[in-house]
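Peer 1: Numbering (full-length UniProt numbering), first residue to last: 1 to 314.
A virtual CB, placed ideally from N, CA and C, is assigned to each residue, including glycine.
Take a look at this one; I'll ask things after.
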Ligand SMILES: [Mn+2]
């Protein structure tokens with residue numbers, strides 16, 4: 001952490017980026033850090049080739065994020081990459097030969113330590129927690145705008161403090177953020193209870209597709225391309241699927257241009273990161289992802305997954 005704060009203090013102009021398809025943790029951490037750094041007189045800005053998803057546009061300063069502003073400006077002294085496990089997934093376009101240091105701040109176990117400085121805290125429930133501590137060590141005084149961003153980061157990555165990654169310090173940090181006076185019930189409603197009816201109807205259709213395997217311990221939803229284009233974010237349908245009483249593991253398969261994407265979730269007993277690694281994927285013990293490159297046969301992908309999980313679940 002000292003190396004990180006030292007580099008930040010030495011830099012006047014700082015670019016911030018995150019993983020592609022940014023979620024609440026990526027966006028909340030980036031915006032919170034940007035606002036915090038500005039408070040100590042830094043020129044801080046976000047580089048991204050991704051648009052901000054609609055549900056996160058309530059966050060302050062999202063209008064500054066433009067998907068055509070993905071490269072660092074001239075005279076930028078350092079780039080901070082947040083919540084991103086590997087160099088291929090970075091949303092901003094960084095030429096490492098031109099910018100030094102690249103500071104990698106993350107909480108994924110699978111982080112490949114691609115930065116010049118790497119601060120990877122796998123105990124943190126969200127990158128937002130790390131950003132909170134970083135801003136504290138830079139003596140940034142929290143305000144409601146920063147708190148809104150970091151609170152969003154934490155609740156999206158912990159499923160509102162439900163996931164096992166939540167710790168006592170997660171709650172302590174959330175408490176400090178609430179002390180700034182943020183309307184936290186509104187943040188929860190804005191993120192989790194703010195769906196157009198057509199989306200809920202789409203979830204209904206996808207739930208019709210759930211299939212159970214391995215003594216009902218594995219649930220699979222395989223989504224075709226037609227539904228794929230309607231659904232911009234899988235996380236909610238996956239958490240609905242995880243509510244099925246008998247299952248230990250939920251898998252969500254989706255056809256994409258370069259293959260089949262699989263998201264895995266585990267309730268308790270199965271380490272789905274280990275399962276994902278068998279297929280070249282990665283992530284956390286309770287949530288992981290796989291891309292089966294150049295595979296376009298969903299049935300075949302399902303069978304391969306069932307085969308591997310059979311050893312775990314039966
Ligand atoms: Mn995260």
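Tell me residue 254's beta-bridge partners as DSSP assigns them.
Peer 2: Your numbering for residue 254 matches position 254 in the chain shown. In the DSSP output, where bridge partners are listed per residue, residue 254 has 223 and 261.
Peer 1: For residue 189, count neighbouring Cβ atoms within 10 angstroms of its own Cβ and tell me buried if that reaches 16, exposed if not.
Peer 2: The residue labelled residue 189 in the question sits at position 189 within the chain shown. Under this definition residue 189 is an exposed residue.
Peer 1: Tell me residue 19's beta-bridge partners as DSSP assigns them.
Peer 2: Position 19 of the chain shown, counted from the first residue, corresponds to residue 19. For residue 19, which the question treats as bridged, DSSP gives the partners 90.
Peer 1: CB residue 131 to CB residue 115, shorter than 7 angstroms?
Peer 2: Sequence index remark: in the chain shown, residue 131 carries index 131 (1-based). Sequence index remark: in the chain shown, residue 115 carries index 115 (1-based). Contact flag unset, no.
Peer 1: Residue 247 to residue 163, Cα distance in whole Å?
Peer 2: For the purposes of this step, residue 247 is identified with residue 247 of the chain shown, where counting begins at 1. For the purposes of this step, residue 163 is identified with residue 163 of the chain shown, where counting begins at 1. The alpha-carbon atoms of residue 247 and residue 163 are separated by roughly 17 angstroms.
Peer 1: Can you check which of these residues, 14, 269 and 83, is closest to residue 99 by C-alpha distance?
Peer 2: In the chain shown, counting from the first residue as 1, residue 99 sits at position 99. With distances taken between Cα atoms, residue 99 lies closest to 14.
Peer 1: Between 89, 192, 264 and 52, which has its C-alpha nearest residue 20's C-alpha?
Peer 2: Start at 1 with the first residue of the chain shown, and residue 20 comes out as number 20. It is 89.
Peer 1: Return yes when at least one heavy atom of ligand 1 lies under 6 angstroms from the C-beta of residue 126, else no.
Peer 2: By 1-based counting over the chain shown, the position of residue 126 is 126. Residue 126 Cβ: within cutoff of ligand 1.
Peer 1: Any heavy atom of ligand 1 closer than 6 angstroms to the beta-carbon of residue 233?
Peer 2: Looking up residue 233 in the chain shown gives position 233. Because no heavy atom of ligand 1 lies under 6 angstroms away, the Cβ of residue 233 does not count as near it: no.
Peer 1: Give the DSSP-derived three-state secondary structure of residue 79 in the structure shown.
Peer 2: Start at 1 with the first residue of the chain shown, and residue 79 comes out as number 79. Here residue 79 sits in strand by DSSP.
Peer 1: Would you identify the three-state DSSP class for residue 370, choosing helix, strand or coil?
Peer 2: Nothing can be reported for residue 370: it is not among the residues displayed for the chain, which extend from 1 to 314.
Peer 1: Where DSSP assigns a beta bridge to residue 106, which residues make up the other side?
Peer 2: Looking up residue 106 in the chain shown gives position 106. The partner list for residue 106 (beta bridge, DSSP) reads 120.
Peer 1: Per DSSP, what are the beta-bridge partners of residue 164 in this structure?
Peer 2: The sequence position of residue 164 within the chain shown is 164, counting from 1. According to DSSP, residue 164 bridges with nothing at all.
Peer 1: Taking one C-beta from the stretch 218-226 and one from the stretch 252-265 each time, how about it: are there three or more such pairs within less than 8 angstroms?
Peer 2: Yes, since at least three Cβ pairs between the stretch 218-226 and the stretch 252-265 fall closer than 8 angstroms, the two stretches touch.
Peer 1: So does residue 145 have its beta carbon nearer than 6 angstroms to some heavy atom of ligand 2?
Peer 2: This structure lacks ligand 2; the ligands present are ligand 1.
Peer 1: Quick one: residues in its chain with C-beta nearer than 6 angstroms to the C-beta of residue 272, no 5 flanking neighbours on either side, listed in chain order?
Peer 2: Along the chain shown, one-based indexing puts residue 272 at 272. 264, 266 and 288, listed in sequence order.
Peer 1: From the DSSP output, which residues share a beta bridge with residue 169?
Peer 2: Stepping through the chain shown from its first residue, residue 169 is reached at position 169. According to DSSP, residue 169 bridges with nothing at all.
Peer 1: For residue 211, which three-state DSSP category applies?
Peer 2: In the chain shown, residue 211 corresponds to position 211, counting from 1. Correct three-state label for residue 211: strand.
Peer 1: Buried or exposed for residue 22, going by 16 or more other Cβ atoms inside 10 Å?
Peer 2: To locate residue 22, count along the chain shown from 1; it is residue 22. So residue 22 counts as buried.
Peer 1: Just to check my reading of the structure: residue 17 and residue 46 have Cβ atoms closer than 8 angstroms, yes? What is that Cβ distance to the nearest angstrom?
Peer 2: Residue numbering aside, residue 17 sits at position 17 when the chain shown is read from its first letter. Residue numbering aside, residue 46 sits at position 46 when the chain shown is read from its first letter. Contact holds; Cβ gap of about 7 angstroms.
Peer 1: Which class does residue 289 belong to by DSSP, given the choice of helix, strand or coil?
Peer 2: The count along the chain shown starts at 1 and reaches residue 289 at position 289. In the structure shown, residue 289 sits in a strand (DSSP, three-state: E or B).
Peer 1: Does the beta carbon of residue 139 fall short of 6 angstroms from some heavy atom of ligand 1?
Peer 2: Position 139 of the chain shown, counted from the start, is the residue given in the question as residue 139. No - ligand 1 has no heavy atom lying nearer than 6 angstroms to the Cβ of residue 139.
Peer 1: Terminal residues of the continuous alpha helix (DSSP H) containing residue 56?
Peer 2: The count along the chain shown starts at 1 and reaches residue 56 at position 56. Taken as a continuous stretch (DSSP letters only), residue 56 belongs to no alpha helix (DSSP H), as it is neither H nor E.
Peer 1: Grab me the residues of residue 113's own chain with a C-beta within less than 8 angstroms of its C-beta, minus the 5 sequence neighbours each way, in chain order.
Peer 2: Residue mapping note: residue 113 aligns to position 113 of the chain shown, counting from 1. Here the set comprises 104 and 120.
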